[in-house]
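Under the numbering used here, think of the first position of the sequence shown as 386, with each following residue one higher.
Glycine included, each C-beta is placed from N, C-alpha and C at the ideal position.
A short worksheet on the structure shown next.
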Amino acid sequence: MSEEELWNLTLPEFNALVERKREQDERADLRAGIVAAVIANVFRAKGTKAYEPYDFMPTLRRHETKRQTWQQQLAVAMVITEMAKIKAQKEGGK
């Protein structure tokens, strides 16, 4: 995607792009977690609990949802506002 195409995305299109990237990253992390769990389980002591892929994925835990604080939400809104200002300046300069 070119820079111009990126700047011409609507907010829903941009959000969909970000979500797709997040899902791709999660799948890649899961694959790495599977490999790590298999290796760890081969060498674990008898009678100990088996490792799961999520044990090796500290940023992605099952059944955990981490809500954003209002400060984090404000920071995201400020970034979006700055992006809109930059886009407006670029369009004004054409």
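Tell me the DSSP secondary structure of arginine 452 in three-state form.
In the sequence shown, counting from the first residue as 1, residue 452 sits at position 67. The answer is coil: DSSP assigns arginine 452 none of H, G, I, E or B.
When you compare only the Cα positions, how much space is there between alanine 469 and arginine 429?
Locating residue 469 in the sequence shown gives position 84, counting from the first residue. Locating residue 429 in the sequence shown gives position 44, counting from the first residue. If you take the alpha carbons of alanine 469 and arginine 429, they lie about 52 Å apart.
Can you tell me whether threonine 444 is helix, strand or coil according to DSSP?
Here the question's residue 444 lines up with position 59 in the sequence shown. Of the three classes helix, strand and coil, the one that applies to threonine 444 here is coil, per DSSP.
Using beta-carbon positions only, say whether phenylalanine 399 and alanine 417 come within less than 9 Å of one another.
Sequence index remark: in the sequence shown, residue 399 carries index 14 (1-based). Sequence index remark: in the sequence shown, residue 417 carries index 32 (1-based). In this structure, alanine 417 does not lie closer than 9 Å to phenylalanine 399 by Cβ.
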